[in-house]
Amino acid sequence: MSITDTAPVPATRDERGAPVVKRKERAGVWLTLLAWAVGILFVLPVVWMVLTSFHSEADAATNPPSVLAPLTLEGYREFFSGGASPWPPLLNSLTASIVSTALVLLLSFPAAYALSIKPVKKWTDVLFFFLSTKMLPVVAGLLPLYLFAQSTGLLDNIWLLIVFYTSMNLPIAVWMMRSFLSEVPVEMLEAAAMDGAGLTRTLRSVVAPVVMPGIAATALICFIFSWNELLFARVLTATVAETAPVFLTSFVTSQGLFLAQLCAAAFVVSLPVLIAGFTAQDKLVQGLSLGSVK
Amino acid sequence: MTSVAEQTAARPGTPPRPPGVARRAAGWARRAPLLPALVFMIVVTQLPFVATLVISFMDWNAYYPDEVGFAGFDNFKRVFTDVNMRDAVWTTILLTAGVVLISLLLGLGIALLLDRRFRGRGAVRTMMIAPFLVVPVAAALLWKHALYNPEYGLLNGALTRIWGLFGSDNPPQPDWITNGPLWSVIFALVWQWTPFMMLILLAGLQGRPLDVIEAARIDGASNWQIFRSMTLPHLRQYLELGALLGSIYIVQNFDAVFTITSGGLGTANLPYTIYQIFYQAHDYGRASAAAVVVVLGTILIATFALRTVSSLFREESGR
Numbered sequence: 001m002s003i004t005d006t007a008p009v010p011a012t013r014d015e016r017g018a019p020v021v022k023r024k025e026r027a028g029v030w031l032t033l034l035a036w037a038v039g040i041l042f043v044l045p046v047v048w049m050v051l052t053s054f055h056s057e058a059d060a061a062t063n064p065p066s067v068l069a070p071l072t073l074e075g076y077r078e079f080f081s082g083g084a085s086p087w088p089p090l091l092n093s094l095t096a097s098i099v100s101t102a103l104v105l106l107l108s109f110p111a112a113y114a115l116s117i118k119p120v121k122k123w124t125d126v127l128f129f130f131l132s133t134k135m136l137p138v139v140a141g142l143l144p145l146y147l148f149a150q151s152t153g154l155l156d157n158i159w160l161l162i163v164f165y166t167s168m169n170l171p172i173a174v175w176m177m178r179s180f181l182s183e184v185p186v187e188m189l190e191a192a193a194m195d196g197a198g199l200t201r202t203l204r205s206v207v208a209p210v211v212m213p214g215i216a217a218t219a220l221i222c223f224i225f226s227w228n229e230l231l232f233a234r235v236l237t238a239t240v241a242e243t244a245p246v247f248l249t250s251f252v253t254s255q256g257l258f259l260a261q262l263c264a265a266a267f268v269v270s271l272p273v274l275i276a277g278f279t280a281q282d283k284l285v286q287g288l289s290l291g292s293v294k
Numbered sequence: 295m296t297s298v299a300e301q302t303a304a305r306p307g308t309p310p311r312p313p314g315v316a317r318r319a320a321g322w323a324r325r326a327p328l329l330p331a332l333v334f335m336i337v338v339t340q341l342p343f344v345a346t347l348v349i350s351f352m353d354w355n356a357y358y359p360d361e362v363g364f365a366g367f368d369n370f371k372r373v374f375t376d377v378n379m380r381d382a383v384w385t386t387i388l389l390t391a392g393v394v395l396i397s398l399l400l401g402l403g404i405a406l407l408l409d410r411r412f413r414g415r416g417a418v419r420t421m422m423i424a425p426f427l428v429v430p431v432a433a434a435l436l437w438k439h440a441l442y443n444p445e446y447g448l449l450n451g452a453l454t455r456i457w458g459l460f461g462s463d464n465p466p467q468p469d470w471i472t473n474g475p476l477w478s479v480i481f482a483l484v485w486q487w488t489p490f491m492m493l494i495l496l497a498g499l500q501g502r503p504l505d506v507i508e509a510a511r512i513d514g515a516s517n518w519q520i521f522r523s524m525t526l527p528h529l530r531q532y533l534e535l536g537a538l539l540g541s542i543y544i545v546q547n548f549d550a551v552f553t554i555t556s557g558g559l560g561t562a563n564l565p566y567t568i569y570q571i572f573y574q575a576h577d578y579g580r581a582s583a584a585a586v587v588v589v590l591g592t593i594l595i596a597t598f599a600l601r602t603v604s605s606l607f608r609e610e611s612g613r
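Sequence lines, in order, name chains A and B. Numbering of the first sequence is given in the numbering used here, commencing with residue 1 and proceeding in unit increments. Numbering of the second sequence is given in the numbering used here, commencing with residue 295 and proceeding in unit increments.
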């Protein structure tokens with residue numbers, strides 16, 4: 001039975017023997033049930049969102065809830081074809097997230113290299129500088145960026161968001177990349193240098209295989225943060241460069257409340273993150289904890 | 295970027311140069327890859343902050359464009375005497391501390407539950423992660439409309455159903471957001487952040503030296519004793535990491551406050567308040583002064599927190 005505690009119960013542990021094991025087994029069943037209950041409780045709102053999104057508006061807004069109501073795609077049809085189209089905001093979010101992620105990787109890899117494999121002097125200070133920018137509340141830079149955008153005509157331009165998202169994610173990426181690069185054994189680098197391998201060759205055949213999963217995790221996290229961002233997108237964009245989260249908030253206020261439609265919209269906007277996150281669960285935490293959790 | 299690094303990197307095969315030049319070249323070879331990221335960060339994050347600092351000493355309201363001028367410390371005086379601002383500070387502290395503490399404790403409990411092997415452990419873990427993967431605005435909208443709504447939200451719907459089971463057609467139907475606005479926000483955020491804390495702590499639990507614990511068990515230590523004197527000290531740095539990262543993100547929370555209560559009913563935290571002063575009142579001077587105050591406060595806390603992190607990262611810093 002896999003339900004019982006797998007830590008082997010040493011036979012010498014207790015002279016009473018069997019009854020103790022049985023009691024442990026029963027406690028184990030309860031703990032298992034508790035774990036399942038907690039899991040279901042946490043996933044319930046998400047399940048409810050998905051279920052409601054497939055209900056008709058009339059069935060969505062009932063009390064008590066109608067769980068077994070017939071399923072329909074009405075909410076999705078209304079979301080995609082009724083009123084303002086969600087495609088431009090979704091494409092804007094996709095562009096902003098992908099391009100800024102690419103920029104972050106391009107900037108953070110060399111920086112992390114300089115902070116780990118051949119560290120510059122006072123590299124810890126530099127590293128903490130990067131982290132400290134993350135502690136600077138973003139609202140502190142909002143107004144000047146807005147005024148800058150206003151005077152240069154960059155307001156409602158997706159490129160401004162891309163630059164901002166790059167700066168938002170760069171510190172995290174540098175920290176993560178550094179911790180992944182630190183895993184490259186020094187002996188392997190020395191061996192490569194002894195064999196006369198140049199920088200490009202060393203990077204390609206020694207460093208890359210070790211850090212590739214780390215780079216993927218970094219990219220994933222940068223993508224998610226950019227995709228999720230609301231405050232700056234709301235202030236700096238309007239109709240042209242509007243992103244999916246901004247669209248989601250304006251969708252509610254302009255349409256009045258259609259619960260099924262709202263759930264469909266929330267699910268569609270969350271889908272890329274849900275897919276990316278589920279496929280890389282472990283990497284996600286490791287990345288979010290700046291690579292310090294192995 | 296890589297081309298810059300390649301050009302400047304000292305190759306082992308290059309002919310020997312005078313020592314001083316070589317040393318300087320090697321130093322630059324080490325620094326060069328760092329510079330693009332460093333320059334970019336300074337330009338994009340520090341320059342705007344300097345601008346904020348300048349504007350905070352100015353009289354500048356977009357509604358009165360002719361009255362722009364030097365204000366001295368007036369904006370700061372207004373920030374410190376503003377009741378809303380003081381409330382926002384208090385709200386931010388309550389919100390952050392509440393969410394971090396509750397989700398950390400819940401996360402610890404759930405991590406301990408998931409540390410055992412049992413049937414469907416992977417499934418439960420996957421279910422636990424789901425809240426963290428819903429886009430924050432979507433999650434906030436979900437809580438506000440599909441769960442908290444007093445007429446057809448799931449919470450009151452469930453109450454109706456449960457009361458119905460016992461033959462009562464008069465179930466309590468509280469208006470959650472109106473009755474406990476700050477709690478409504480905290481609860482929604484705890485739901486989103488508990489999975490993150492759980493995963494960090496689970497990783498910590500699984501990095502425990504099992505043989506030592508086994509030895510303690512053989513020596514007759516109870517579960518509680520093992521937890522108190524072995525598991526908890528081992529988890530300490532993971533708890534600190536979770537609290538630190540959680541605080542960094544939750545102090546700056548805008549999405550949940552903006553969506554669930556629109557900052558009403560005493561839930562306006564600092565980011566939301568500054569957003570309002572700037573975006574709705576268009577009082578640039580005062581918004582900037584408020585932002586500067588927030589930054590100073592954050593620096594104070596961050597210096598303290600960074601000490602903790604430095605202890606966290608000390609062990610791996612030898613290279």
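The beta-carbon is built from N, C-alpha and C at its ideal position, and this holds for glycine as well.
Distance between beta carbons of residue j and residue i, contact taken as under 8 Å
i: Trp227/A; j: Ser93/A; result: 6 Å
i: Val99/A; j: Ile162/A; result: 5 Å
i: Thr420/B; j: Leu136/A; result: So it is not a contact: roughly 35 Å between Cβ atoms.
i: Pro245/A; j: Ala233/A; result: 6 Å
i: Leu618/B; j: Asn547/B; result: Nothing can be reported for residue 618/B: it is not among the residues displayed for chain B, which extend from 295 to 613.
In DSSP terms, what residue i is bridged to
i: Met352/B; result: Phe364/B
i: Asp577/B; result: Asn355/B
Neighbouring residues, chain A, relative to residue i (Cβ below 9 Å)
i: Tyr357/B; result: Within 9 Å Cβ-Cβ: nothing; Tyr357/B doesn't reach chain A, min ~15 Å.
Where residue i meets chain B, residues with beta-carbon distance less than 9 Å
i: Leu257/A; result: His439, Asn443
i: Trp227/A; result: Val429
i: Asn157/A; result: By Cβ distance, chain B contributes nothing, its closest Cβ being about 15 Å from Asn157/A, past 9 Å.
Per-residue contacts from residue i into chain A (C-beta, under 7 Å)
i: Asp549/B; result: Leu230
i: Gly401/B; result: Neighbours of Gly401/B on chain A: none; closest Cβ ~11 Å, over 7 Å.
Residue of the options minimising C-alpha distance to residue i
i: Pro327/B; options: Leu231/A, Leu230/A, Ser108/A; result: Ser108/A
i: Gly141/A; options: Thr339/B, Val418/B, Leu564/B; result: Thr339/B
i: Gly579/B; options: Asn369/B, Gly321/B, Pro342/B, Val337/B; result: Asn369/B
i: Arg415/B; options: Arg26/A, Cys222/A, Thr32/A; result: Thr32/A
i: Phe56/A; options: Ala266/A, Val120/A, Phe258/A; result: Looking at the sequence shown, residue 56/A is not Phe but Ser. Per the Cα distances, Phe258/A.
i: Gly277/A; options: Ile494/B, Trp437/B, Val429/B; result: Val429/B
i: Leu406/B; options: Ala111/A, Ser205/A, Leu34/A; result: Leu34/A
i: Ala575/B; options: Thr346/B, Ala356/B, Gly321/B, Val337/B; result: Ala356/B
i: Ala27/A; options: Pro468/B, Gly557/B, Ile542/B, Arg410/B; result: Arg410/B
i: Leu533/B; options: Ile494/B, Ser478/B, Gly366/B; result: Ile494/B
i: Ala524/B; options: Glu508/B, Gly314/B, Leu535/B; result: The question names Ala, but residue 524/B is Met in the sequence shown. Comparing Cα-Cα distances from Met524/B to each of Glu508/B, Gly314/B, Leu535/B, the minimum goes to Glu508/B.
i: Tyr113/A; options: Val377/B, Gly403/B, Ser478/B, Pro330/B; result: Pro330/B
i: Lys302/A; options: Arg325/B, Tyr446/B, Asn450/B, Arg502/B; result: Lying outside 1 to 294, the shown extent of chain A, residue 302/A is not represented and no answer is given.
i: Ile471/B; options: Ile520/B, Thr553/B, Gly321/B; result: Thr553/B
i: Arg502/B; options: Pro527/B, Val479/B, Ile512/B, Asn517/B; result: Pro527/B
i: Leu400/B; options: Gly536/B, Ile542/B, Val588/B; result: Gly536/B
i: Leu68/A; options: Phe54/A, Ser151/A, Pro119/A; result: Phe54/A
Alpha-carbon to alpha-carbon, residue j and residue i
i: Leu274/A; j: Asp353/B; result: 46 Å
i: Ile423/B; j: Phe572/B; result: 36 Å
i: Ala583/B; j: Ser350/B; result: 4 Å
i: Leu341/B; j: Leu147/A; result: 13 Å
i: Leu131/A; j: Thr454/B; result: 49 Å
i: Leu284/A; j: Met194/A; result: 36 Å
i: Gln236/B; j: Pro444/B; result: Look at the range of chain B in this structure, 295 to 613, and you will see that residue 236/B is not part of it.
i: Thr375/B; j: Ser556/B; result: 23 Å
i: Asn63/A; j: Asp505/B; result: 54 Å
i: Met1/A; j: Arg413/B; result: Legend: pLDDT at Met1/A = 39, less than 50; position of this residue unreliable, value from coordinates given subsequently. One C-alpha to the other measures close to 9 Å.
i: Pro475/B; j: Leu559/B; result: 6 Å
i: Thr239/A; j: Thr101/A; result: 23 Å
i: Pro65/A; j: Ala58/A; result: 11 Å
i: Val377/B; j: Lys371/B; result: 12 Å
i: Leu220/A; j: Ala280/A; result: 8 Å
i: Leu73/A; j: Arg380/B; result: 48 Å
i: Gly451/B; j: Val50/A; result: 17 Å
Residue i: contacting residues in chain B (beta-carbon distance under 8 Å)
i: Thr52/A; result: Ala440
i: Lys24/A; result: In chain order: nothing, as chain B lies at least about 10 Å away.
Proximal residues of chain B, C-beta to C-beta of residue i below 7 Å
i: Met135/A; result: Ile542, Thr592, Ala596
i: Lys118/A; result: Arg324
i: Thr239/A; result: Simply none; closest approach about 17 Å.
Chain C contact for residue i (CB, 9 Å cutoff)
i: Phe572/B; result: Reference to chain C is not applicable here, since the protein chains of this structure are A and B.
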